[in-house]
Amino acid sequence: PLELMQCNYPYSGTPYHYLAHYLEEKNDPAGSRRALEMFAFLEPWNEEAELDLAASYARAKEIDQAFDHLRRAIALGADDPTALRDNPGLAPLRKDPRFEALMPAQPW
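And the structure:
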């Protein structure tokens, strides 16, 4: 499916985002990450790709890679600490002290 997407949607990240979630549901985390990497490549300003990559690596217990992507997501605008703390995909990171250290300050 990824090769077909590259032919039909060479400049849009959104189809890769949908494909990544589909592959995750089909228990293909490696395929899902490849799709998310393409999403991040096509839309380097979009924090969703990095946030989803962080969650994917967290679920795979690849914690250092998860934190690398979480840092990028926050730098790109994923700056709602409540949403980040409530994100179920990031649950494996919550007990690590790096998680709270990364949380942006509340804007109020």
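Each step along the sequence shown adds one to the number in this note's numbering, with nothing skipped, and position 33 is 40. Every residue gets a Cβ at the ideal spot worked out from N, C-alpha and C, and that includes glycine.
Taking the C-beta atoms as reference points, ALA56 is found no nearer than 9 Å to TYR64.
By the 16-neighbour rule on beta-carbons within 10 angstroms, ASN94 is buried.
The C-beta distance from TYR18 to LEU49 rounds to 6 Å, short enough to fall under 8 Å. In the three-state reduction of the DSSP assignment, ASP87 falls in the coil class, being assigned neither a helical nor a strand state.
Taking all protein chains shown into account, ARG105 has fewer than 16 neighbouring C-beta atoms within 10 Å of its C-beta and is therefore exposed. Annotated as distal: LEU100 and LEU83, with beta-carbon spacing of 9 Å or more.
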